Amino acid sequence: MTDASMTDDKGTRSLSSHRSPEDPESAGVRALPRPVAVAVGAGGVLGAAHVGVGYALEERRFVPDMIIGTSVGALVGAIAAAHPDGSAPGLDRVWTQLRRREVYPPGYLPSRASIVTDRGLRRLIARSGLPSRIEELAVPFAAVAMGLGTGAPVLLDRGDLESALLASAAVPGILPPVDREGRTLVDGR
23 MTDASMTDDK
33 GTRSLSSHRS
43 PEDPESAGVR
53 ALPRPVAVAV
63 GAGGVLGAAH
73 VGVGYALEER
83 RFVPDMIIGT
93 SVGALVGAIA
103 AAHPDGSAPG
113 LDRVWTQLRR
123 REVYPPGYLP
133 SRASIVTDRG
143 LRRLIARSGL
153 PSRIEELAVP
163 FAAVAMGLGT
173 GAPVLLDRGD
183 LESALLASAA
193 VPGILPPVDR
203 EGRTLVDGR
């Protein structure tokens, strides 16, 4: 197959070589009715697949009106919300350089609530160049966690960003739960 990318008169690239830029179907994500939210899912290492989606959306100069993420998708979504015009290369570096022991460091059992500490995840969040508060992100963002006592989903769309990301990724029994706003929160996948 030949190179499938084409550039229209506005410089927007399209991966569809068999459609002309005038074809309404080639508008793709640009033709979506607004507002548009992007949901970024869970899946541990499968979060690396979000990088390809990020490149495709950035290639089309698409910026959503809101990003919602859970578990690893919350971290990916927060990075995309912080850098809407160029998060894919940074995410690519995070995933290609990340080692399991960085997030799940070997060692002693830190508590009865988890088998590893959240130190590695905190370092990863710190290296991501994120602001301290959710409201400071360039694109509106929410992380989804679960109330440990209720099993109900909890939408974290304001306040401390690090605790929201830690709560959304706190796999019960693996990473420690997060106390936030009077609730104990974990990964709700």
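So the number in this note's numbering is just where the residue sits in the sequence shown, counting from 1, plus 22. A virtual CB, placed ideally from N, CA and C, is assigned to each residue, including glycine. Just so we're clear, the structure is a prediction, and the values are computed from it rather than from any experiment.
Nearest-angstrom Cα distance between residue i and residue j?
i: residue 166; j: residue 178; result: 6 Å
i: residue 198; j: residue 190; result: 11 Å
i: residue 205; j: residue 171; result: 8 Å
i: residue 138; j: residue 50; result: 43 Å
i: residue 194; j: residue 96; result: 16 Å
i: residue 155; j: residue 102; result: 15 Å
i: residue 203; j: residue 188; result: 14 Å
i: residue 174; j: residue 210; result: 8 Å
i: residue 157; j: residue 73; result: 24 Å
i: residue 176; j: residue 140; result: 20 Å
i: residue 80; j: residue 108; result: 7 Å
i: residue 147; j: residue 77; result: 21 Å
i: residue 181; j: residue 201; result: 13 Å
i: residue 149; j: residue 142; result: 11 Å
i: residue 8; j: residue 145; result: A question about residue 8 goes unanswered here, because the residues of the chain that appear run from 23 up to 211.
I'd like to check one pair, residue j with residue i: are the Cβ atoms closer than 8 Å?
i: residue 186; j: residue 208; result: no
i: residue 98; j: residue 62; result: yes
i: residue 104; j: residue 151; result: yes
i: residue 90; j: residue 164; result: yes
i: residue 106; j: residue 59; result: no
i: residue 183; j: residue 153; result: yes
i: residue 57; j: residue 87; result: yes
Considering Cα atoms alone, identify which of the options is closest to residue i.
i: residue 53; options: 82, 168, 95 and 62; result: 82
i: residue 93; options: 75, 201 and 168; result: 168
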